[in-house]
Structure formats: C-alpha cells, structure tokens
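Residues in the sequence shown are numbered from 52 upward in steps of one, following this note's numbering. The C-beta atom is built at its ideal place from N, Cα and C for all residues, glycine as well. Accompanying notes for the structure given below.
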Amino acid sequence: MSKVTKLLHTRYRVNDLDRTVAFYRDILGLEEIKRHRSPRGSELVFLKTPGSEELIELCSFPAAGSVSVQPDLTHLAFEVESLAEFERHLARHGLKYSDGPTTSSTGTTFAFIDAPEGYEIELIQKK
Numbered sequence: 052m053s054k055v056t057k058l059l060h061t062r063y064r065v066n067d068l069d070r071t072v073a074f075y076r077d078i079l080g081l082e083e084i085k086r087h088r089s090p091r092g093s094e095l096v097f098l099k100t101p102g103s104e105e106l107i108e109l110c111s112f113p114a115a116g117s118v119s120v121q122p123d124l125t126h127l128a129f130e131v132e133s134l135a136e137f138e139r140h141l142a143r144h145g146l147k148y149s150d151g152p153t154t155s156s157t158g159t160t161f162a163f164i165d166a167p168e169g170y171e172i173e174l175i176q177k178k
C-alpha cells in the first residue's frame, strides 16, 4: 500500500498577498523562497521557516472571491526561544498577543497572534 512520505507545504488563500507576505517575513521572520503565477492565474508565494523543510504557500486568486476566515478554523504553530522577547518584537511593530501567554501543565508556554486575513498564529516556547 502506498503512503505519503513527507509534508511539503500548507496553503492559505489570502486577499492581500503583499500585506500577508510582509507579515510572515517581517514579523515572523520567514524567508520568501519563490513566487510565481499558476496556469489558472493564482499568484503564489512560498515561504520557509528557518529550521524547517515544510513550506507555507500563500495564494492570491481574486477570481475565487474574497477570503473570509472563520474564527478558530485553523492555525499555524511556530516555536520561539522566548515569548517575552517575541512580545517585545511585536510591540516594536505595534502588535500584541491576542491570547496568552499561557503555561500548560507540561511547562510549555504558548501565545497567539492574529495574522492578516484572520488566520491565527500560535507561538510555542518549550519548557
């Protein structure tokens, strides 16, 4: 039986591609790997997190209509060294956590920020 072997990328469709790419680049520190237009006309940007192989694909396809993300529908989770340090980084950009930081029973601490388009980002500081 054939099985998948590796997660390659996760795709999020967005309304404002430039604003969203800037958030992932300037706030989260992701690197833009490639950008191109698909055969059907979608504009695609692939981003990479330092230390991970999987990519995030941001897609703009206005012909499909406006993106409206339901609350608590999905989120991406990223590890950070220090939530306190990241909170200071956010403040320098006029942003703040939307929830947390909260420490779990295992000692891991997590917080959330809202990305453009309403997607949620979880930041995790391991014990």
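I need the DSSP call for residue i, collapsed to helix, strand or coil.
i, result
"D67", "coil"
"V96", "strand"
"G151", "strand"
"F112", "coil"
"D77", "helix"
"E173", "strand"
Less than 7 Å between C-beta atoms, sequence neighbours within five positions excluded: which residues of the same chain meet that for residue i?
i, result
"L134", "P152, T160, A162, L174 and Q176"
"V96", "L68, V72, E83, R86 and L109"
"F137", "V131 and L174"
"N66", "S117, V118 and E168"
"F74", "A166 and P167"
With distance defined between alpha-carbon atoms, name the residue in the options nearest to residue i.
i, options, result
"E108", "T100, A115 and A114", "T100"
"I167", "V55, S53 and H126", "Going by the sequence as given, residue 167 is Pro instead of Ile. The shortest Cα separation from P167 among V55, S53 and H126 belongs to H126."
"P122", "S111, S149 and F129", "S149"
For residue i and residue j, I'd like the C-alpha separation in whole angstroms.
i, j, result
"R88", "E94", "4 Å"
"R91", "A114", "10 Å"
"L98", "T157", "31 Å"
"D77", "L141", "10 Å"
"G169", "S119", "8 Å"
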